[in-house]
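Each residue of the sequence shown is one higher than the one before, starting from 10 at the first, in our numbering. Remarks on the structure that follows.
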Amino acid sequence: MVKYVIGLIFCIGLMGDSLVPDTVLQYDILMKNKLIGSLEVSRKTVGTVTTYQSFTSIKTKLLTPIAVDYKYDVSFDNDHLQKANVNILVNNRPHAETSTLWKNDQYRILKNKKESNLKDSIDYTTILLYFKEPKHIDYCYSEQDGTMNTIVALGNHSYKKINANGKENLYFYKKGILHHATIDGGVVNFEMRISE
């Protein structure tokens, strides 16, 4: 019996974070209270590696019809960013591409074929905003822009994220999960709400 209990404890210890269930969150994207798209974000943990994926599809009409698709693929190992890839299509044409890769004690960031490096360790990125309320977090890395963004706590589980261009997004949480957000998209502003 003792051998069985010790074996069970050993196996649980080996699995560690792999006991964390996979999570999928879905959001409606609204502009002026009209549904214009959807976002699905997932988290999967195997051992010490957690992979996040996000797919966003927006279709609306400004002066002409516009379709925007975002795809994020982000990996952490022991809560340390290892790699991130972001691809954005506008009307089915490549619009932007950013990759971030941890290698030789620094990040290699390739944004639209322009390379830069970052030596600081990254443990919080924008994709985590869906799953982990940014309590006591002052900065987050933007996988899309390859820059650090400022996070300001506003109280009552709400936060403001300010990007490198000064654009501000607001995030509101319930039970540690993003419930809704208002996003400054440049040309258009929109709102995201968790699908109930």
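Backbone N, C-alpha and C fix where the C-beta goes; we use that ideal spot for every residue, glycine too.
Whole-angstrom distance between residue j and residue i, CA atom to CA atom
i, j, result
"K144", "H188", "15 Å"
"Y61", "F181", "20 Å"
"I203", "F140", "12 Å"
"L110", "K92", "4 Å"
"L98", "L34", "22 Å"
"S84", "L137", "11 Å"
"K183", "H166", "7 Å"
"S125", "Y116", "8 Å"
"D86", "N158", "21 Å"
"P103", "G164", "38 Å"
"E205", "Y36", "9 Å"
"D114", "I45", "41 Å"
"K123", "A105", "11 Å"
"N94", "L179", "24 Å"
"A190", "G175", "17 Å"
"V55", "D88", "13 Å"
"E49", "D193", "19 Å"
"K53", "D132", "17 Å"
"L57", "I118", "A quick correction: the sequence has Thr, not Leu, at residue 57. Whole-angstrom Cα-Cα distance: 23 Å."
Contact check, residue i vs residue j, beta carbons under 9 Å
i, j, result
"I186", "E177", "no"
"I38", "E152", "no"
"T107", "K120", "yes"
"N42", "I75", "no"
"K80", "N96", "yes"
Exposure of residue i, with buried meaning 16 or more beta-carbon neighbours within 10 Å
i, result
"S130", "exposed"
"E142", "buried"
"V77", "buried"
Assumed close pair residue i, residue j - CB separation to whole angstroms, cut-off 8 Å
i, j, result
"A173", "D154", "6 Å"
"D31", "S51", "7 Å"
"M40", "T59", "Going by Cβ atoms, the distance from M40 to T59 rounds to 32 Å, so no, they are not a contact pair."
"S63", "S47", "The Cβ separation is near 11 Å, so there is no contact."
"Y168", "V161", "7 Å"
"L90", "T156", "In fact, because the Cβ distance is near 14 Å, the residues do not count as touching under 8 Å."
"L72", "V197", "That pair is no contact at about 12 Å."
heavy atom of the ligand COA below 8 Å from residue i C-beta
i, result
"V33", "Of ligands this structure carries none, so the ligand COA is not represented either."
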